[in-house]
Amino acid sequence: MSHRADASNSLDDRGLYWKESCFGLNAATLLDRAVELTYFGGTYGVAMKPTPFLCLAFKLLTLVPDQEIILEYLNNAGDEFKYVRALAAFYVRLTFDPDEIYKTLEPLLLDSRKLRRRRKEEYTLTYMDEFVDELLTKERACGTSLWQLSARSVLEDLDRLEPRESPLQAELDAMDDADQEMQDVDGRDGSASENGRSPSVRSRSDSDEG
Amino acid sequence: MPPPIPAHQKRFTANPTRPARYRPGKAVPEDESDENLEDEEEEEVSQPVQPQRRLQAPPAGPTRPQAEDEEEEDDEEGFVTEDEDDADGGAPLPKPAAKPVAQTARTLQPSAQTSATPVIPEQKQDGHEDEDESAGSEEEEEESEEGSEEEGSTSEEDEAPQRRFQRPTFIKKTERKPTSASNADVSESATPAPEIASSHHNEDIAARRLREAESLIKTTIEKDTAARLAGRKDWDDDDDLPPEALVDDTDGLDPEAEHSAWRLRELHRLKRDREAMIAREKELEEIERRRNLTVEEREAEDKEYIAKQKEEREEGRAKSAYLSKYHHKGAFFMDDEESARLAKRDLIGAKFADDVDKSTLPEYMRIRDMTKLGKKGRTRYTDLKGQDTGRFGDEVKRWRGSGYNDRNDGQRDDIRGVDDRFLPDNDRERGGPQITFTFAAETEKALFQLKVSIKVEVEVEIPSTQV
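Chain order of the listed sequences is A and B. Position 13 of the first sequence, counting from 1, maps to 13 under the UniProt record's numbering, and the rest follow consecutively. Position 305 of the second sequence, counting from 1, maps to 305 under the UniProt record's numbering, and the rest follow consecutively.
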């Protein structure tokens, strides 16, 4: 975990936001602050200043609130304030167990609200589901390196998780079927099997197994 | 000789001179200006004082130390640096002074002995005073410590306050009071009300200033907070970073578009996951399969794979001409179109228009870089074959049916760079030398066989003898 500026010993690096607003916060007052967030990000600028988002996340890490509080942030407060949800998601990724991370963050993949991300030199537009996807798959987010999360497949093999059911799964399957049928028609596959079965059937069963 | 400088002006600096130290037995240095100034005034004022002073002459030395202790405290009380009091005929309490820089035994007097021996001190004093009136500034002040009216002995010193060290002057206790008393009188004479009023006034002023300062601070703080609330950045934020408003994050602008965008993203994610899964499974299959092969099969597959890689790498690479230069396109700084065009270029096979086939040149000139022609220290160790003096592998080459010959389309060695004399002599068809000598071929056991074949065409004219 490396918040370079936050972890630095010199408090000056953390900037004005930290010194002014992050002093003496508890979970409730932190929520007040989080509600005022208008962008998320890691560090920005040449001097690697931390964003308020990162400051609040760091503050959460020092406060160590209960799981229920975080779930509150994530779900109820997050319904209304998307940056609160983003903050809670970040915290979840940093502190929860792998099973819980997947269970908690995967529902957020259905949330498609826009988020403003502050990068080193500019602001960019992204979406909540993209942010959560980054948290689940990438190694760094918001200027912090995330601890290595075991892949979902590993957990599925260990039977700790069930395979993910996306609402679009059905559509995807339908699309796949359509592709397969097209392949049959063109004969692109080329391999004719002895028993006359079309190759599409075989490959489809493969994909179903997978 | 330059004009004589007055004694006291021997220093040219503006700093005030320090009073000289007292050394017993040594004449106290005169200060003429002091003399002049002080004498005039002192003489006037101190005339009446002197007789009194003489009465209370300084005592002998030994009593001095004891007296000093007691006196010092008193001394400090009475010392003033300004002209405060007037001549006062108070009871002459002996108040000797130890303070002045020049301490003289004669000036000190114990409190006990008031008028012990007027005679002796008088004499002393006379003597001293006779010696130098100028010491008067010091002496007189010291003597005045005895308690007599102070007078304006300090006034002389006050005349040049910036320059001179203001020696604290002792005022007798009784004489002090009048000063404070006089002040008190003055104040009392004036009504106490204005005093109180003035003090109140002062208080008001001070209080008002405080309040003003506080209000100023408050206004500045309020301004700061207002500015911050209005959305301006903190002072430590860079100004040239773009504002947030460039990127709009309001939702619900176009729900359908947003929803379809979300679906697209979700499908991409699903696809990615699925492909990752398929790749994983394929890998597992492959591992299984290889495990089931035998060792040789595995090696064969590996070889094929490596060969395929090599071929892919080499296929774009043209065979370079003999001793041609290899031009690298450079690893950096390529523009887009240019680089795309240049990347397709065939560099290794590149030839200049008037490039010479270097195999026709004599050996000396067969250099890759023609600029080095003629320079000293050129070694031509291009390959080991040239250095090889043995006939390693000769036998192998000659065997019929060996793959060695047939590999390079029949060509055994690279004959391009070889001098004429060393070309193989069997290849008449390829333009080898046309002269071959063949010795008696029966001696097959000869170690050294030199085959030389000569094809000679001779025209012989035989003259006919008869008709």
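No residue lacks a Cβ here, since even glycine has one placed at the ideal position from N, Cα and C.
DSSP beta-bridge partners of residue 116 of chain A
As a first step, residue 116 of chain A is located in the first sequence; it is residue number 116 there, counting from the start. Beta-bridge pairing links residue 116 of chain A to A/125.
Use the C-beta contact count for residue 1 of chain B: other C-beta atoms within 10 angstroms, 16 or more gives buried, fewer gives exposed.
Counting from 1 along the second sequence, the entry for residue 1 of chain B is found at position 1. Exposed, by the Cβ-count rule.
Drop a sphere of 10 angstroms on the beta-carbon of residue 43 of chain A, count the other beta-carbons inside from all chains shown, and report buried for 16 or more, exposed for fewer.
Here the question's residue 43 of chain A lines up with position 43 in the first sequence. Label assigned to residue 43 of chain A: buried.
Are the region 275-293 of chain B and the region 113-129 of chain A touching, with three or more C-beta to C-beta distances below 8 angstroms?
no
Alpha carbon to alpha carbon, how far is residue 298 of chain B from residue 292 of chain B? Give it in angstroms, no decimals.
Locating residue 292 of chain B in the second sequence gives position 292, counting from the first residue. Locating residue 298 of chain B in the second sequence gives position 298, counting from the first residue. Taking the straight line from one Cα to the other gives about 10 angstroms.
Which runs of the alpha helix (DSSP H) fall wholly inside the region 147-179 of chain A and span at least 4 residues, in chain order?
152-157
Name the chain A residues whose beta carbon is nearer than 7 angstroms to that of residue 267 of chain B?
Locating residue 267 of chain B in the second sequence gives position 267, where the first residue counts as 1. Under the 7 angstroms cutoff, chain A gives 168, 172.
Closer than 9 angstroms between beta carbons: that is the criterion. Which residues of the region 274-291 of chain B meet it against chain A?
274, 276, 277, 278, 280, 281
With 16 other Cβ atoms within 10 Å as the buried cut-off, status of residue 460 of chain B
For the purposes of this step, residue 460 of chain B is identified with residue 460 of the second sequence, where counting begins at 1. Under this definition residue 460 of chain B is an exposed residue.
Just by C-beta distance, which residues in the region 246-265 of chain B are closer than 8 angstroms to chain A?
246, 247, 248, 249, 250, 251, 258, 259, 261, 262, 263, 265
State yes or no: is the C-beta of residue 54 of chain A within less than 8 angstroms of the C-beta of residue 34 of chain A?
The residue you call residue 54 of chain A lines up with position 54 of the first sequence. The residue you call residue 34 of chain A lines up with position 34 of the first sequence. No, Cβ-Cβ distance for residue 54 of chain A and residue 34 of chain A is not below 8 angstroms.
Check for me: the alpha helix (DSSP H) holding residue 15 of chain A runs from which residue to which?
On the first sequence, residue 15 of chain A is found 15 positions in, with the first residue counted as 1. Taken as a continuous stretch (DSSP letters only), the alpha helix (DSSP H) holding residue 15 of chain A covers 15-21.
Under three-state DSSP, which class holds residue 322 of chain B?
What you label residue 322 of chain B is simply residue 322 of the second sequence in a count that begins at 1. Here residue 322 of chain B sits in coil by DSSP.
Amino acids of chain B, ordered along the chain, whose beta-carbon sits closer than 7 angstroms to that of residue 73 of chain A:
To locate residue 73 of chain A, count along the first sequence from 1; it is residue 73. Going along chain B, no residue has its Cβ under 7 angstroms from residue 73 of chain A, so there is no contact; the nearest lies around 19 angstroms.
If you scan the region 52-117 of chain A from start to end, which runs of the alpha helix (DSSP H) of 4 or more residues do you find wholly inside it?
52-63, 67-72, 82-95, 98-105
Secondary structure, beta strand (DSSP E): runs of 3+ residues fully inside the UniProt region "Disordered" (296-319) of chain B
none
C-alpha distance - residue 98 of chain A paired with residue 254 of chain B, whole-angstrom precision:
Walking along the first sequence from the start, residue 98 of chain A turns up at place 98. Walking along the second sequence from the start, residue 254 of chain B turns up at place 254. Taking the straight line from one Cα to the other gives about 36 angstroms.
Check residue 364 of chain B in the structure and name its three-state DSSP category.
Against the second sequence, residue 364 of chain B aligns to sequence position 364. Residue 364 of chain B: helix per DSSP, three-state reduction.
Closer than 8 angstroms is the cut-off here; do at least three beta carbon pairs connect the region 165-183 of chain A with the region 117-136 of chain A?
no
The region 118-126 of chain A touching the region 68-77 of chain A, judged by at least three CB pairs closer than 8 angstroms:
no
May I have the straight-line CA-CA distance separating residue 245 of chain B from residue 50 of chain A, to the nearest angstrom?
By one-based count along the second sequence, residue 245 of chain B stands at place 245. By one-based count along the first sequence, residue 50 of chain A stands at place 50. Their backbone Cα atoms lie some 19 angstroms apart in a straight line.
Under a Cβ-count criterion, where at least 16 other Cβ atoms within 10 Å of its own Cβ denotes burial, should residue 314 of chain B be classed as buried or exposed?
Here residue 314 of chain B corresponds to residue number 314 of the second sequence, with the count starting at 1. Classification of residue 314 of chain B: exposed, given that the 10 Å Cβ count is below 16.
Closer than 8 angstroms, CB to CB, is residue 270 of chain B near chain A or not?
The residue given as residue 270 of chain B occupies position 270 in the second sequence. So, interface residue.
Check each candidate in B/212, B/270, B/206, B/170 and name the one with the smallest Cα separation from residue 173 of chain A.
Translated into positions along the first sequence, residue 173 of chain A becomes position 173. Among B/212, B/270, B/206, B/170, the Cα nearest to that of residue 173 of chain A is on B/270.
CB-CB under 7 angstroms to residue 91 of chain A, same chain, minus the five flanking residues each way: which ones, in chain order?
Here residue 91 of chain A is taken as the residue at index 91 of the first sequence, counted from 1. Counting only Cβ-Cβ distances below 7 angstroms, and skipping sequence neighbours, we find 57, 60, 70.
Given a threshold of 16 other Cβ atoms within 10 Å of its Cβ, counted over all protein chains shown, does residue 86 of chain A qualify as buried or as exposed?
Position 86 of the first sequence, counted from the start, is the residue given in the question as residue 86 of chain A. Buried, by the Cβ-count rule.
Integer Cβ distance of residue 140 of chain A from residue 146 of chain A, believed to fall under 8 angstroms
Counted from its first residue, the first sequence places residue 140 of chain A at position 140. Counted from its first residue, the first sequence places residue 146 of chain A at position 146. The Cβ separation is near 7 angstroms, so the contact holds.
Residue 100 of chain A vs residue 164 of chain A beta-carbon contact at 8 angstroms
In the first sequence, residue 100 of chain A corresponds to position 100, counting from 1. In the first sequence, residue 164 of chain A corresponds to position 164, counting from 1. Contact flag unset, no.
Out of A/79, A/118, A/95, state which residue places its alpha-carbon closest to the alpha-carbon of residue 110 of chain A.
As a position in the first sequence, residue 110 of chain A is number 110, starting the count at 1. When only C-alpha atoms are compared, the closest one is A/79.
CB-CB length for residue 102 of chain A against residue 158 of chain A, believed under 8 angstroms
Within the first sequence, the letter at position 102 stands for residue 102 of chain A. Within the first sequence, the letter at position 158 stands for residue 158 of chain A. Not confirmed; about 12 angstroms, so no contact.
Let's test the definition: count the other Cβ atoms within 10 Å of the Cβ of residue 3 of chain B and tell me whether it reaches 16, buried, or not, exposed.
Here residue 3 of chain B corresponds to residue number 3 of the second sequence, with the count starting at 1. Label assigned to residue 3 of chain B: exposed.
Do residue 325 of chain B and residue 357 of chain B come within 8 angstroms of each other at the CB atom, strictly closer than that value?
Within the second sequence, residue 357 of chain B is the residue found at index 357, counting from 1. Within the second sequence, residue 325 of chain B is the residue found at index 325, counting from 1. No. Outside cutoff.
Any beta carbon of chain B sitting closer than 8 angstroms to that of residue 127 of chain A?
Looking up residue 127 of chain A in the first sequence gives position 127. Cβ-Cβ to chain B under 8 angstroms: yes for residue 127 of chain A.
Apply the 10 Å Cβ neighbour rule to residue 91 of chain B and answer buried if 16 or more other Cβ atoms are within range, or exposed otherwise.
Walking along the second sequence from the start, residue 91 of chain B turns up at place 91. Reliability of the predicted coordinates at residue 91 of chain B is poor, the pLDDT of 43 falling under 50, and the value obtained from them is presented with this limitation in mind. Flag for residue 91 of chain B reads exposed.
Residue 131 of chain A in three-state terms, based on DSSP:
Residue numbering aside, residue 131 of chain A sits at position 131 when the first sequence is read from its first letter. Correct three-state label for residue 131 of chain A: helix.
So, under 8 angstroms CB-CB, residue 31 of chain A and residue 89 of chain A are touching, yes? Tell me the CB distance rounded to an integer number of Å.
Position 31 of the first sequence holds residue 31 of chain A. Position 89 of the first sequence holds residue 89 of chain A. With a Cβ gap of about 15 angstroms, residue 31 of chain A and residue 89 of chain A do not count as contacting.
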